[in-house]
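There are 2 protein chains.
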Amino acid sequence: MRSMDVLAGYSARMNSRPAPFDELDRKIVTALMANARTSFAEIGAAVGLSSTAVKRRVDRLRETDVITGFTATVKPSALGWRTEAYVEVYCEGAAPPRRLAEVVRNHPEITAAMTVTGGADALLHVRARDVEHFEEVLERIRTEPFIRKTISVMVLSHLLPESPEAGASNVAPDSAADVR
Amino acid sequence: MRSMDVLAGYSARMNSRPAPFDELDRKIVTALMANARTSFAEIGAAVGLSSTAVKRRVDRLRETDVITGFTATVKPSALGWRTEAYVEVYCEGAAPPRRLAEVVRNHPEITAAMTVTGGADALLHVRARDVEHFEEVLERIRTEPFIRKTISVMVLSHLLPESPEAGASNVAPDSAADVR
DNA sequence: GTTGAAAGCGCCCCATT
DNA sequence: AATGGGGCGCTTTCAAC
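The listed protein sequences derive, respectively, from chains A and B. Just so you know, we're using the numbering used here here: the first sequence kicks off at 297 and counts up by one. Just so you know, we're using the numbering used here here: the second sequence kicks off at 297 and counts up by one.
Spelled out as structure tokens, the structure:
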């Protein structure tokens, strides 16, 4: 596992809230990120706690939204999603983020969207089955009310083991299939 | 869950390999993406299979790399990672992807990296604790051998519920902390 | 694909510090 | 406030069918 060693020494709590997040929680979260199905007993053995204690801490980490969920990671390409692109969006006049968020939700192929610095108003991450499908998505996006222009950058190949967009339910195999 | 309804009708298998991925596998994968800790028995009840059968299918889905892992999803901001940016990288002459991949692995703050179409040779996704940390990372990247220039786009706010980069072990709380 | 049995685990209560 | 132990029911796992 690639580790964030450059961060050694970064100490907890620079905020108002008590933020009970200690060494044990750290190890538990790390273990669950590596394998979300690890049993509490096994984690407990690794960190020196009983399974009961581990469960309680995990419950608390979920309640405080440090852990937001557990999910299976899938390769989008294994589910028939082979085309990926970033789309810079330019809007007419002032772009109200509220309205932009609405627009974005209309297109399930948009797997991430954010407002950004620089010339563009927003940056979209789009997944499509193939180039034809991507073109269709792009046309759909460009017909949205106040979107003036888009600039697309297609992803060619990944330089890192694609940390596989878990929880991206839009890439879920709702009707798509086709392995490898 | 946002669903990929535009894909209705997309049929399996347009490749050479048998690609044994049916309706049942689809439901199982969807269930595990929603909650990776769901028991095989519960999934079985939902899809009409015994827990044993579900386990065998999940084992096979893992072996064929349709499912690449199970992971806890965390909010990077909850672990002290509050700064996010995309960095376009321009290289001297022809940029060999092999060498680029090496460079990328030297910087754990790079959570995604890919070669892309357009003017830039590569696009990096970078997470840092704060703007100071990001600047430090950027300087580090720019001193790499054949990197000619970079253009950074900072993320301001997300327009979609941040599908939380699971498995991104670089964001793991190895030494960082600080909740909320 | 199923069932059945053994081992392990999740989960809840309660005593302990 | 947080941990550990015990008990019961469910889950996992592996056999056999």
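Ideal placement from N, C-alpha and C gives every residue a C-beta, glycine not left out. Bear in mind that the values here come from a model prediction, so they are computed numbers and not experimental data.
- Interface flag for LEU375/B against chain A is set, since a Cβ pair is found closer than 9 Å.
- With a contact defined as Cβ atoms closer than 8 Å, ALA409/B and LEU455/A qualify at about 4 Å.
- Within the same chain, and ignoring the five residues on either side of VAL362/B in sequence, the residues whose Cβ sits closer than 8 Å to its Cβ are PHE317, ASP321, VAL325.
- The beta-bridge partner set that DSSP reports for LYS371/B is empty.
- A straight-line Cα-Cα distance of about 14 Å links PRO393/B and PRO441/B.
- Contact note: PRO393/A reaches chain B through LEU452, SER453, LEU455, using a C-beta cutoff of 9 Å and chain order.
- Within the same chain, and ignoring the five residues on either side of ILE443/B in sequence, the residues whose Cβ sits closer than 7 Å to its Cβ are VAL385, CYS387, ILE437.
- For ALA397/A, the enclosing alpha helix (DSSP H) stretches over residues 393-401.
- Secondary structure of SER347/A (DSSP, three-state): helix.
- For GLU380/A, the enclosing beta strand (DSSP E) stretches over residues 379-387.
- For a cut-off of 8 Å, the C-beta gap from GLU380/A to ARG423/A is around 6 Å, short enough to register as a contact.
- For the stretch 412-440 of chain B, the full-length alpha helix (DSSP H) segments reaching 4 residues or more read 427-438 along the chain.
- Restricting attention to LYS371/B, ALA327/B, ILE406/B, the CA atom closest to the CA of HIS429/B is found in ILE406/B.
- Looking only at THR446/B, THR367/B, LYS371/B, the smallest Cα-Cα distance to VAL370/A is reached by THR367/B.
- The criterion of a C-beta distance shorter than 9 Å is not satisfied by THR413/A and VAL427/B.
- Cβ contact annotation for VAL400/B (same chain, cutoff 6 Å, sequence separation greater than five): ILE406, ALA409, in chain order.
- Non-local beta-carbon contacts of LYS323/A in its own chain, meaning distances under 6 Å to residues more than five positions away in sequence, involve VAL343 in chain order.
- In the DSSP secondary-structure assignment, MET450/B is bridged to ALA381/B.
- Its Cα nearest to that of THR439/B, the residue ASN402/B stands out among ASN402/B, GLY415/B, ALA416/B.
- Interface annotation, SER448/B: in contact with chain A, CB-CB separation under 9 Å.
- Assignment of beta-bridge partners to MET410/B by DSSP yields HIS454/A, LEU419/B.
- For ALA409/B, the nearest CB of chain A lies under 9 Å from its own CB, placing it at the interface with that chain.
- Shown here, PHE366/A sits in a strand according to DSSP, grouped into three states.
- The criterion of a C-beta distance shorter than 9 Å is not satisfied by ALA397/A and ASP417/A.
- Secondary structure note for THR326/B: its alpha helix (DSSP H) is the uninterrupted segment 319-330.
- Close to LYS371/A, with beta-carbon spacing below 9 Å, are these residues of chain B in chain order: ASP361, VAL362, ILE363, THR364.
- The beta carbon of TYR382/B falls within 9 Å of a beta carbon belonging to chain A, placing the residue at that interface.
- Going by C-alpha positions, ILE447/B is about 14 Å away from LEU419/A.
- Relative to the Cα of SER347/B, the nearest Cα in the group VAL383/B, SER373/B, SER335/B belongs to SER335/B.
- Around the CB of GLY365/A, 16 or more other CB atoms lie within 10 Å, so the residue is classed as buried.
- Under the three-state reduction of DSSP, ARG333/B is assigned to coil, being neither helix nor strand.
- For ALA349/A, same chain residues with a beta-carbon under 8 Å away, outside a window of 5 residues either side, are GLY340 in chain order.
- For MET329/A and GLU359/B, the gap between their C-alpha atoms comes out near 20 Å.
- Residue contact check for LEU320/B against chain A: no CB pair falls below 9 Å.
- The C-beta distance from ALA332/B to ALA337/A rounds to 18 Å, too long to fall under 8 Å, and the pair is not in contact.
- Residues of chain A whose Cβ lies closer than 7 Å to the Cβ of GLY414/B are, in chain order, VAL449.
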